[in-house]
Each structure stands twice: as C-alpha cells, then as structure tokens.
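In our numbering, the protein residues as written are 481 to 620. Scroll down for the structure; my scribbles are underneath it.
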Amino acid sequence: MEALRTSGLTALRLILAFTLLTTTLHYAHNVIRVADYPQIEGIPVGVAATLVAVAYFVFTAFGLAGYRDYLRGRYWRALAFLMVFSLSGLASLGHFLVGVPQIPAFWFATIYTDTASALALWVFVTWAATKLNRAPVPAA
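What follows is the structure, given as structure tokens:
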C-alpha cells in the first residue's frame, strides 16, 4: 500500500490536474457556445447549456470526493468516486452520437483530451485496485 501513498498520489494528482483542465475548458465552451454543438431534438439550447453546467459540477464533486478519500486512505471508496468522475470525459464522446460539432480545432481537440483523461483515470484505478488486491489483510 506504500505505492498508493507515494507514486500513486503523484500520478493521481497529475491525472486529476489534466482532467480538471480539459473538462473545465471543454464544458465551459460547451455551455458558452452550446449552439455550435449538435443538438438533441426536443431539448432547447438553454436547457442543454444548463444540463452541461450541472453535469460539470456534479462530476467534479465526484472527482474531489475521490481525491479526498484517497488522501484519507479510503482507497476503494476513492476509486469508485474516481470512476464516476471519469464519466465526465467519456460523456464528451456523446457529441458524435448526435453529429459532428462544427467548432474550431482547439475546442474539437478537447473532446479527445477529455476522453484521454478518462482513460488515464481508468488506468490509474485499475493499477490502484491491483495494488489493493495484493495488500495483506490485517488480522481482526
């Protein structure tokens, strides 16, 4: 479990910093320029922007809860929260279910950086879970 406290914490901080940067950029652009993204029929543009903003804060709360619990040594709970947080990056791919966004290349790239950050979180969670499964269980 020492690896979780040392190299694991450093890796988690880097992944979370990247994830927060990319999701903040992407979700903010999505809210501000919502009309530039493919729309779901029947959902007004204002409602879509509000849903994106709410989703950002809900996902971010899960990420912060995961980080807090990781620092406190509640690793399994932390990993569960981090997996929920990773959905913020995977959700960005949902744009392509409706159509291809007509946005500048930089903002288009944030769809993929969101996905990359989600995958990085999955790799981290898998690594940490593997370490936890190998740790000896203290006798009761």
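Quick reminder that beta carbons are idealized off the backbone N, C-alpha and C, glycines included. Here the structure is a predicted model, which means the values were calculated and not measured.
Less than 8 Å divides the Cβ of F604 from the Cβ of L492. Where V580 is concerned, there is no enclosing alpha helix (DSSP H), because DSSP gives it neither an H nor an E. Between the stretch 512 to 523 and the stretch 574 to 589 there are three or more C-beta pairs closer than 8 Å, enough to call the two in contact. For the pair of segments examined, the stretch 544 to 560 was found not to touch the stretch 506 to 515: the number of CB pairs separated by less than 8 Å stays below three. Taking C-alpha positions only, S566 is separated from L599 by approximately 8 Å. For the set T490, T499, L559, G488, the Cα lying nearest the Cα of G569 is the one of T499. In the DSSP assignment, A571 falls within the alpha helix (DSSP H) that extends over 555 to 571. Secondary structure of T503 (DSSP, three-state): helix. Between the C-alpha atoms of R557 and R485 there is a straight-line separation of about 15 Å.
Rounded to the nearest whole angstrom, the C-alpha separation of T593 and T502 is 6 Å. One thing to note: I591 has its Cβ no nearer than 8 Å to the Cβ of R513.
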